[in-house]
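Residue numbers (this note's numbering), protein chains in the order written: chain Y, 1 to 320; chain X, 1001 to 1391; chain U, 2001 to 2094. We put the beta carbon where it would ideally sit given N, CA and C, even for glycine. The structure displayed is predicted, hence computed values, not measured ones. To start, the structure under review is shown below, and the notes come after it.
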Amino acid sequence: MAEKSAEFIPRLLPPRELLAEGHRGCQGCGEALALRQVLKVAGPNTIVCSATGCMEIITSPYPETAWRVPWIHVAFENAAAVASGVEAGIAILQKKGRYPEGKVNVIAIGGDGGTADIGLQALSGALERRHNFTYVCTDNEAYMNTGIQRSSSTPWGASTTTSPSGKESIGQNVPKKNLPKIVAAHDIPYLATACPSYPLDLMNKTRKALDIEGPTYLHVLSPCPTGWRHAIDMAIEMGRLAVETGVFPLYEIVNGRLKLDMVMEKREPVIDYLKPQGRFRHLKAEQIEEIQKDVDSYYEELVYRAECDAKAPGPQAEEW
Amino acid sequence: MGKRIGLEVSLAISEAVKLARVDAVAAYPITPQTHIVEELAQMVADGDLDARYIMVESEHSAMSACCGTAAVGARTFTATASQGLALMHEVLFIASGLRLPIVMAIANRALSAPLSIWGDQSDVMAERDIGWVQMFAETGQEAFDLTLCCFKIAEDSRVLLPTIINIDGFTLSHVVEPLEMESQQDVDDWLPTYVPQVILDPAKPVTIGPVGFPEIYTEIKKQQDMALQDSYGVVLEVWDSFEKKFGRAYKPVESYKAEDADVIINLIGAIAGTARIAVDRMREEGKKVGLVRTRLWRPYPFEEMRKALAGAKAVAVVDRALSFGGPGGPIASELRSCLYPLEKKPVVAGFIAGLGGRDVTIEDFYTIVAETEKVLETGYTDEYKMIGVRE
Amino acid sequence: MADKRTWREYPVAATIHEPGSATGQNTGDWRSERPVRHDEKCDKCGICWIFCPDAALFMNEEGFYEVDLYHCKGCGICARECGKEAIIMVEEGE
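Structure below.
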């Protein structure tokens, strides 16, 4: 459940920081915050396999590393394949008594670029093979690390450096690829959308994703002041608005059943979310209306689906 | 003394991998490597090989998953060919840059386009710069023996580099050859369990694969280059210890009737068998011809090659790969580089043959030697000559 | 400070063996504003702490969250998100 601060007591969380201070993330980086929160739950018994991208670059400039857990970076499109190897390797070595006993969280991390585009094949393969790992996609909606170029995760109407708005262009002129839907089609036991603006929700979902056997997936909206062109103190507010307007609905799919986290009958108008972001500045009223319509219809679709799934025959998803 | 059996060479490699007690295989099938990986899959399914077999969805993921398994300390193997090797290209550099001792068998096959499933050396010759130890087998026995050696070389703490064992696609991979199969006990005695130097382990967190700024990148590459150069000594050591244990000797370069030869044929791989017959016949006819087969390709055996070839009047290099619009075949270009510093050096005539599975015949070797003699007499006329092309 | 080690002195493959060595990086140097806490308004809820992308806040003995000025980049998220308006951003140099 997305929480209000009165119900959520951050100071009771483990103080250890497994993503060290001193990383080179931009001021106010939503993605780094998301990973920091994920690692708070994951704990030290974790191995992270990173794709090339913002998080990899800012955390590993030799000789500085922000990682206080074991970490490996191989290439851009293969975080899930490397994680498959790590997971399988540990399993066989533990069986042979050549690796310390006990559960190790294997987490693959990729941005939207390394997951939705160049990394989609490896992700699909790893999910299909049912490796026991968690894939965390930190989605800042463009190839931010290389200079804000568009990805398939860039929302319709956003201006990026390779889909710039202009006289002849609205910016990104195709809809955002629905990555959670693609992941759900692999029939994995658990996937969820999350946002660091809702830390308790994100951390609860991380806990579930790590504890459930088999492949699990978290899609984390990661507001990016640099690429979204909003004020550097606004990442949390942007994430909140994304959720409250329905642009980024928070939900879980547990054994194929959709559970909407916040059923908002009335949502904030989408313009509240778009206005503070420079990447949407060029949008005209009718385009914003179109976005509003799309957000509304998708949200209603999710509400309907959640209602159906709650009534569907067969065992209900266990309540946590 | 091992048990003498007849076995398809692909399966001999699988046997070696099984005897090596590999922990993890991540592979994607591609002709003509398929028998290797299918056999391994069966071995795992039957409980004969206690390993994880990751049925990856592409060769790029195969090499990536191998990086993952090797990074946690698993003895790791994969195999591929042609397009699959090309697809892994990016990760090959990373595997050696990260110093992960992965062993890979390649059933050398031609590269598209046009599509060819048949053998030549273009796939691996396009990967000379990847920083891996690379060797070529000529026979099934060699394929079996060298695969075992590859694990010992790769995992040596002085090396820690991924390693390739090449076999000719179809002409070696799919033929049944007589060979001595060694016992599990003997292999266990000779090839101990892999003890990794650095692994991903929560007890001792490390960061593998960081960003290397210009201030340090050169130094890390130097480290890598020296590891590959210095692996030469380890290769010789391992082959030496292999001979002591199993009775079969291997050297970086194999010479056949080359000591007093005027013209030496230099090549790599299974066509050496045909070349030897041609050499014998030409010798009977009074020609002083010899053969030098290069077994170790990386690190390049400079001294051995100079010793084996410097005394000849001419070297006829037979390449089964071609750098279009360039200096011809890789074996020839590298040999020229190798011989260049010598005061007295032979003429090096480069020939391209056996592309895309085309047979290299005894007649072809006669042609090659004759053309080389022409070059000796009247000088170079071409950068290289393509043999057997219909013009 | 330029790294002048020779190639032999680097760990193999440039693997970093010291976890969290980034902590030596003075990212506090980046900021133009810094957060200042007003204790009388602070209820020690920890929201500022959980929202800091740089883990640049830490709980002191009294339970207040102090700013790690060596690392704080001055993004201002803590000030914005504080439910009690107990944190204000002040220009560096003041």
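Next item on the list: Would you please verify whether the beta carbon of Arg36/Y is less than 8 Å from any beta carbon of chain U?
Entry: As a working mapping, residue 36/Y is identified with position 36 in the first sequence. Closer than 8 Å: yes.
Notebook entry, point to check: What are the residues of the segment 1266-1278 of chain X that lie near chain Y, defined by any Cβ-Cβ distance shorter than 9 Å?
Noted result: Answer set for the segment 1266-1278 of chain X: empty.
Next item on the list: Would you tell me roughly how many angstroms separate the C-alpha atoms of Gln1121/X and Arg1336/X, rounded to the nearest one?
Entry: Counted from its first residue, the second sequence places residue 1121/X at position 121. Counted from its first residue, the second sequence places residue 1336/X at position 336. Cα to Cα, Gln1121/X sits roughly 19 Å from Arg1336/X.
Next item on the list: Could you spell out where the beta strand (DSSP E) holding Trp67/Y opens and where it closes?
Entry: In the first sequence, residue 67/Y corresponds to position 67, counting from 1. Note, Trp67/Y: premise wrong, no beta strand (DSSP E); not H, not E.
Notebook entry, point to check: Whose C-alpha, out of Glu252/Y, Gly227/Y, Pro269/Y, is nearest the C-alpha of Gly147/Y?
Noted result: Within the first sequence, numbered from 1, the residue matching residue 147/Y stands at position 147. For Gly147/Y, the closest of Glu252/Y, Gly227/Y, Pro269/Y by C-alpha to C-alpha distance is Gly227/Y.
Notebook entry, point to check: How many angstroms separate the CA atom of Trp2049/U from the CA atom of Phe2058/U?
Noted result: Taking the third sequence and counting its residues from 1, one reaches residue 2049/U at position 49. Taking the third sequence and counting its residues from 1, one reaches residue 2058/U at position 58. Pairing Trp2049/U with Phe2058/U, the inter-Cα distance amounts to about 7 Å.
Next item on the list: Give the residues of chain U in contact with Cys29/Y, contact being defined as C-beta atoms less than 7 Å apart.
Entry: Within the first sequence, residue 29/Y is the residue found at index 29, counting from 1. Those are Pro2053, listed as they occur along chain U.
Check: Alpha carbon to alpha carbon, how far is Asp2068/U from Arg2034/U?
Finding: Locating residue 2068/U in the third sequence gives position 68, counting from the first residue. Locating residue 2034/U in the third sequence gives position 34, counting from the first residue. Distance between the alpha carbons of Asp2068/U and Arg2034/U is about 10 Å.
Check: Taking the C-alpha atoms as reference points, what is the distance between Arg1298/X and Thr1381/X?
Finding: On the second sequence, position 298 is the one that residue 1298/X refers to. On the second sequence, position 381 is the one that residue 1381/X refers to. One C-alpha to the other measures close to 30 Å.
Next item on the list: Please name the residue or residues paired with Gly111/Y in a DSSP beta bridge.
Entry: To locate residue 111/Y, count along the first sequence from 1; it is residue 111. For Gly111/Y, which the question treats as bridged, DSSP gives the partners Thr138/Y.
Next item on the list: Go to Gly1350/X, then tell me how far its beta strand (DSSP E) extends in each direction, as first and last residue.
Entry: Numbered from its first residue, the second sequence carries residue 1350/X at position 350. Run containing Gly1350/X: 1347-1352, per the beta strand (DSSP E) assignment.
Notebook entry, point to check: Using the beta-carbon of each residue, which ones in chain Y are nearer than 9 Å to Trp2049/U?
Noted result: Against the third sequence, residue 2049/U aligns to sequence position 49. Correct list: Pro10, Arg11, Leu13, Pro15.
Next item on the list: Check whether the Cβ atoms of Leu1011/X and Ser1096/X sit closer than 8 Å, and answer yes or no.
Entry: Numbered from 1 along the second sequence, position 11 holds the residue referred to as residue 1011/X. Numbered from 1 along the second sequence, position 96 holds the residue referred to as residue 1096/X. Their beta carbons are not under 8 Å apart, which means Leu1011/X does not touch Ser1096/X by this criterion.
Next item on the list: Verify whether the separation of the beta carbon atoms of Gly1354/X and Val1360/X is less than 8 Å.
Entry: Within the second sequence, residue 1354/X is the residue found at index 354, counting from 1. Within the second sequence, residue 1360/X is the residue found at index 360, counting from 1. Yes, the Cβ-Cβ distance between Gly1354/X and Val1360/X is below 8 Å.
Next item on the list: Using a Cβ cut-off of 8 Å (strictly closer), state whether Thr2015/U contacts chain X.
Entry: For the purposes of this step, residue 2015/U is taken as the residue at position 15 of the third sequence. Using a CB distance cut-off of 8 Å, Thr2015/U counts as an interface residue toward chain X.
Notebook entry, point to check: Which residues, in order along the segment 1195-1210 of chain X, keep a beta-carbon less than 9 Å from a beta-carbon of chain U?
Noted result: Flagged, chain order: Gln1197, Val1198, Lys1204, Pro1205, Val1206, Thr1207, Ile1208, Gly1209, Pro1210.
Item checked: Assigned secondary structure, His219/Y (DSSP; H/G/I helix, E/B strand, else coil) -> Taking the first sequence and counting its residues from 1, the one referred to as residue 219/Y is at position 219. Strand.
Margin query: Residues of the segment 1086-1109 of chain X in Cβ contact with chain Y at a cutoff of 7 Å, in chain order, please.
Written below: From the segment 1086-1109 of chain X, only Glu1090, Val1091, Ile1094 have a Cβ closer than 7 Å to chain Y.
Next item on the list: Tell me, please, whether the CB atom of His23/Y is closer than 8 Å to any CB atom in chain U?
Entry: By 1-based counting over the first sequence, the position of residue 23/Y is 23. Under the Cβ criterion of 8 Å, His23/Y is counted among the residues facing chain U.
Checklist line | Cβ pair Asn78/Y, Gly119/Y closer than 8 Å | finding: Here residue 78/Y refers to the residue found at position 78 when the first sequence is read from its first residue. Here residue 119/Y refers to the residue found at position 119 when the first sequence is read from its first residue. For Asn78/Y and Gly119/Y, yes; Cβs fall inside 8 Å.
Notebook entry, point to check: Do you know offhand how far Ser84/Y's Cα is from Lys103/Y's?
Noted result: As a position in the first sequence, residue 84/Y is number 84, starting the count at 1. As a position in the first sequence, residue 103/Y is number 103, starting the count at 1. Going from the Cα of Ser84/Y to the Cα of Lys103/Y covers about 15 Å.
Margin query: Taking CB distances under 8 Å as the criterion, tell me whether Tyr62/Y reaches chain U.
Written below: Stepping through the first sequence from its first residue, residue 62/Y is reached at position 62. Closer than 8 Å to some Cβ of chain U, the Cβ of Tyr62/Y qualifies, so yes.
Note to self: Using C-beta distances below 7 Å, list every residue in its chain close to Ala20/Y, excluding the 5 sequence neighbours before and after it, in chain order.
What the structure shows: On the first sequence, residue 20/Y is found 20 positions in, with the first residue counted as 1. If we look at Ala20/Y and ignore the five residues flanking it on each side, its Cβ neighbours are Ala66, Arg68.
Next item on the list: Please work out which residues of its chain come closer than 7 Å, Cβ to Cβ, to Glu1142/X, disregarding the five sequence neighbours upstream and downstream, and give them in chain order.
Entry: The count along the second sequence starts at 1 and reaches residue 1142/X at position 142. None.
Margin query: With DSSP as the reference, identify every bridge partner of Gly1328/X, one or two as the case may be.
Written below: Residue mapping note: residue 1328/X aligns to position 328 of the second sequence, counting from 1. Paired residues: Ser1323/X.
Notebook entry, point to check: Exposed or buried, what is Asp1048/X when buried is set at 16 or more other beta-carbons lying within 10 Å of its beta-carbon?
Noted result: Here residue 1048/X refers to the residue found at position 48 of the second sequence. So Asp1048/X counts as exposed.
Notebook entry, point to check: Would Cys2072/U be called buried (16 or more neighbouring beta carbons within 10 Å of its own) or exposed?
Noted result: Reading the third sequence from its first residue, position 72 is the one you call residue 2072/U. Taking all protein chains shown into account, Cys2072/U has 16 or more neighbouring C-beta atoms within 10 Å of its C-beta and is therefore buried.
Item checked: Partner residues on chain A for Tyr135/Y, Cβ-Cβ distance less than 7 Å -> Absent here is chain A; the protein component of the structure consists of chains Y, X and U.
Margin query: By alpha-carbon positions, which one of Ile1165/X, Ala1026/X, Leu1087/X ends up nearest to Cys1067/X?
Written below: Along the second sequence, one-based indexing puts residue 1067/X at 67. Looking from the CA of Cys1067/X, the closest CA among Ile1165/X, Ala1026/X, Leu1087/X belongs to Ala1026/X.
Item checked: Given Asp187/Y as reference, the closest of Val263/Y, Val254/Y, Lys205/Y once Cα atoms are compared -> Locating residue 187/Y in the first sequence gives position 187, counting from the first residue. Ranking the options by Cα distance to Asp187/Y, first place goes to Val254/Y.
Check: Roughly how many angstroms lie between the CA atoms of Trp320/Y and Asn204/Y, to the nearest whole one?
Finding: Here residue 320/Y corresponds to residue number 320 of the first sequence, with the count starting at 1. Here residue 204/Y corresponds to residue number 204 of the first sequence, with the count starting at 1. In this prediction, Trp320/Y has a pLDDT of 40, which is less than 50 and means its spatial position is unreliable; what the coordinates show is noted afterwards. Take the alpha-carbon of Trp320/Y and the one of Asn204/Y: they are about 9 Å apart.
Next item on the list: Could you check if Thr1218/X is buried or exposed, using at least 16 other CB atoms within 10 Å of its CB as the buried criterion?
Entry: Position 218 of the second sequence, counting from 1, holds the residue named residue 1218/X. With fewer than 16 other Cβ atoms within 10 Å, it is exposed.
Item checked: Closer than 7 Å at the beta carbon, the chain U residues around Glu1215/X -> Taking the second sequence and counting its residues from 1, the one referred to as residue 1215/X is at position 215. Correct list: Ala2002, Asp2003.
Item checked: The beta strand (DSSP E) enclosing Val1289/X, as first and last residue numbers -> If you number the second sequence from 1, residue 1289/X lands on position 289. Val1289/X -> beta strand (DSSP E) spans 1289-1294.
Check: For Lys1003/X, which of helix, strand or coil comes out of DSSP?
Finding: For this step, residue 1003/X is matched to residue 3 along the second sequence. When secondary structure is reduced to three states using DSSP, Lys1003/X falls in the strand class.
Note to self: Looking only at its chain, what residues have a beta carbon closer than 7 Å to the beta carbon of Glu1334/X, apart from the 5 residues adjacent to it on each side?
What the structure shows: Against the second sequence, residue 1334/X aligns to sequence position 334. Once the five neighbours on either side are set aside, the close Cβ partners of Glu1334/X are Tyr1300.
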